[in-house]
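Student:
Numbering (full-length UniProt numbering), first residue to last: 1 to 542.
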């Protein structure tokens, strides 16, 4: 492998490891420049001088958070982060550069983080921190009975990724019941497998430890999970606009409704609304608040000396160092080495950040819709038009619940169809509401859909994909738009999509009854999309 690997890390230069790298990749030049900050400071101190000639030559970069502008590193094609989370740098231009592949060290810090979680929990539940204070005072003191031992207690984990899986593994060793919550459904055994890098003998590769999986993206979904009589809540999810202040006053009230719980945050500080956290900790177990909290992250960081959290007796705080161990650093190098081998062989890399989704964060895509051969007036209105949408996993289900599908992609075209057969399909409405999206990531996560097909008004052969029990039509595929599907909006489970759905075009308006008004602003097409071949869609990143 030819190229130049630049390492900018807040750790001592690993001489033996660099020799091993050069032995494994003799044609790869390696330059190590130490970022002279403490590891805990590297999340916020990202400036570092790098000689311009090194930046211009670098093809590969391993870093904690020092990220150059692509213009200063024209040959850079691969960045590997020595940490799992990249929210501290996700705004950088490299995350929008389609020529740069980015991977993380997800799975590397999991063992250290999970040990910190369980150690902190034991410190709080067995009052080890209080006894250490008594030791410092040379006092042979006594204490109230510990709140509880861990066997038989229920732990809830928000974010069942590599870290959450290792926490669950250790909790299971303490005979705890583990339940988990993700934003996306994990309904099948295949969906529950860990796709990221993990240390052999660690984590939960097959996703079999939790006794129950919960999922959702609404407050109601989260509240249902928090009401499961949890004794301990562990936050191990990424920070995104959707997860900022995910846990506030209402959530803490639900969590502590039946009995006071312990809260552990190894995610990011802003995931919790800090004023609500402080208020609940002040109430304590006797006042209906939290029993205690273990925080490796705070909002802000560093935590100001005057912040009330420092002085609360039921809180354990560390300065974002729960993952910092010698082994964690070595695993970050190991993941990079594994990826370089895979890159050399043309294989799929571990822990790749998908362009368009950075650290779980939704990012916008620009979708240009070119609708060919429409009538002249429609073409004038729609040619080269563009809309901005969100890239996200979406779920549809049938009326009886026997069938569930998921699909990740853009709503490439929202349309209202007045085909002559729509009334017979619905038994009610003479039209249907649909959006076009790709079938690339389509998964039937529950049940088995029935199919039947026929020739539609456009002359294309249309296949309906339905529930064999209740008859719900979830989506259609057509010879007119191969590789794509028309999703029926009424079966989509995301309420936000239903609320915001507005057709951009109406087709076969020749069949529209006089009492059905035209959609304001939508293109009006007398027949189909014009050629019978459907919309041509080009997607490009912002």
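Every residue gets a Cβ at the ideal spot worked out from N, C-alpha and C, and that includes glycine.
Model, not experiment: these values are computed from the prediction.
Just to confirm before moving on: does the CB-CB distance between residue 154 and residue 118 stay below 8 Å?
Tutor: Going by C-beta atoms, residue 154 is not nearer than 8 Å to residue 118.
Student: Quick check: what's the CA-CA separation for residue 511 versus residue 517?
Tutor: Rounded to the nearest angstrom, the two C-alpha atoms are 12 Å apart.
Student: Looking at residue 92 and residue 67, is the spacing between their C-beta atoms short of 8 Å?
Tutor: Cβ distance < 8 Å, so residue 67 and residue 92 count as in contact.
Student: For a quick check, are the C-beta atoms of residue 431 and residue 417 less than 8 Å apart?
Tutor: The answer is yes: Cβ separation under 8 Å.
Student: What residue ranges within the segment 495-533 form continuous alpha helix (DSSP H) runs of no fewer than 4 residues, ordered along the chain?
Tutor: With a minimum length of 4 residues, the continuous alpha helix (DSSP H) runs that stay inside the segment 495-533 are 495-500.
Student: Taking only the alpha-carbon atoms, compute the straight-line gap between residue 484 and residue 437 and give it to the nearest angstrom.
Tutor: Those two C-alpha atoms are separated by around 6 Å.
Student: From the DSSP output, in three-state form, read off residue 414 for me.
Tutor: Correct three-state label for residue 414: strand.
Student: For the 8 Å Cβ check, are there 3 or more pairs between the segment 402-414 and the segment 501-515?
Tutor: In short, these stretches touch, since the Cβ pair count reaches three.
Student: Hey, quick one: how far does the alpha helix (DSSP H) through residue 223 stretch, first residue to last?
Tutor: That run of the alpha helix (DSSP H) goes 219-226.
Student: Residue 60 and residue 48: beta carbons closer than 8 Å?
Tutor: Contact flag unset, no.
Student: Please identify the residue among 82, 76 and 25 whose C-alpha is closest to the C-alpha of residue 330.
Tutor: Closest by alpha carbon: 82.
Student: Checking the sheet assignment: what are the DSSP bridge partners for residue 396?
Tutor: 405 and 492, per the DSSP bridge assignment.
Student: Which partner residues does residue 462 have in the DSSP bridge list?
Tutor: In DSSP, residue 462 forms a bridge with 454 and 478.
Student: Alpha carbon to alpha carbon, how far is residue 340 from residue 7? Give it in angstroms, no decimals.
Tutor: In a straight line, the C-alpha of residue 7 is about 14 Å away from that of residue 340.
Student: Identify whether residue 360 lies in helix, strand or coil by the three-state DSSP scheme.
Tutor: For residue 360, the predicted structure reports a pLDDT of 35, less than 50, and the residue's modelled location is therefore unreliable. The matter cannot be settled from this model.
Student: When the Cα of residue 490 is compared with those of 311, 408 and 397, which residue comes out closest?
Tutor: Among 311, 408 and 397, the Cα nearest to that of residue 490 is on 397.
Student: Going by DSSP, what residue range makes up the beta strand (DSSP E) through residue 195?
Tutor: Where residue 195 is concerned, there is no enclosing beta strand (DSSP E), given that its DSSP letter is neither H nor E.
Student: How would you write the range of the alpha helix (DSSP H) that residue 438 sits in, first residue to last?
Tutor: Segment 432-438 is the beta strand (DSSP E) holding residue 438; no alpha helix (DSSP H) there.
Student: Rounded to whole angstroms, what's the CA-CA distance from residue 442 to residue 281? Just pull it up for me.
Tutor: Spanning the two alpha carbons is a distance of roughly 44 Å.
Student: Pick from 298, 148 and 159: whose alpha carbon is nearest that of residue 261?
Tutor: Of 298, 148 and 159, the residue nearest in Cα terms is 148.
Student: Where do the ends of the beta strand (DSSP E) carrying residue 171 lie?
Tutor: Here residue 171 belongs to no beta strand (DSSP E); instead the alpha helix (DSSP H) covers 162-173.
Student: Taking the continuous alpha helix (DSSP H) assigned at residue 339, which residues delimit it?
Tutor: Segment 326-345, the alpha helix (DSSP H) holding residue 339.
Student: Among the candidates 338, 99, 50 and 86, whose CA atom is the shortest distance from the CA of residue 74?
Tutor: The candidate whose alpha carbon is nearest that of residue 74 is 99.
Student: Quick one: grab the DSSP three-state call for residue 56.
Tutor: Three-state DSSP puts residue 56 in a helix.
Student: Would DSSP call residue 378 helix, strand or coil?
Tutor: Model confidence at residue 378 stands at a pLDDT of 34, short of 50, so the residue's coordinates are unreliable and nothing is read from them.
Student: Within 8 Å, do at least three Cβ pairs link the segment 193-202 to the segment 210-221?
Tutor: At 8 Å Cβ cutoff, the stretches do not touch.
Student: Any contact between the segment 124-144 and the segment 160-177? By contact I mean 3 or more CB pairs, one from each, below 8 Å.
Tutor: Segments in contact, no.
Student: Which residue from 130, 51 and 346 puts its Cα closest to that of residue 312?
Tutor: For residue 312, the nearest C-alpha among the options comes from 130.
Student: Which residue marks the beginning of the beta strand (DSSP E) containing residue 6, and which one marks its end?
Tutor: It spans 3-9 - the beta strand (DSSP E) in which residue 6 sits, taken as one unbroken run.
Student: Can you tell me the Cα-Cα spacing of residue 206 and residue 344, whole angstroms?
Tutor: Cα to Cα, the separation comes out at about 28 Å.
Student: Once you ignore the five residues that flank residue 37 on each side, which residues in its own chain have a CB closer than 6 Å to its CB?
Tutor: 10 and 45, listed in sequence order.
Student: Give every residue of the same chain whose Cβ lies closer than 6 Å to the Cβ of residue 126, excluding the five residues on either side of it in the sequence, and list them in chain order.
Tutor: Within the same chain, residue 126 has close Cβ partners 146.
Student: Just curious, the alpha helix (DSSP H) that residue 118 is in, first and last residue?
Tutor: 110-125 is the span of the alpha helix (DSSP H), which, as asked, contains residue 118.
Student: Out of 30, 21, 109 and 51, point me to the one whose CA is closest to residue 327's CA.
Tutor: Comparing Cα positions, the closest option is 109.
Student: Just how far apart, CA to CA, sit residue 496 and residue 401?
Tutor: Their backbone Cα atoms lie some 20 Å apart in a straight line.
Student: Thinking residue 264 and residue 297 are a contact (beta carbons under 8 Å), I'd like their distance in whole angstroms, please.
Tutor: With 8 Å as the limit, residue 264 and residue 297 do not qualify as a contact, their Cβ atoms being about 10 Å apart.
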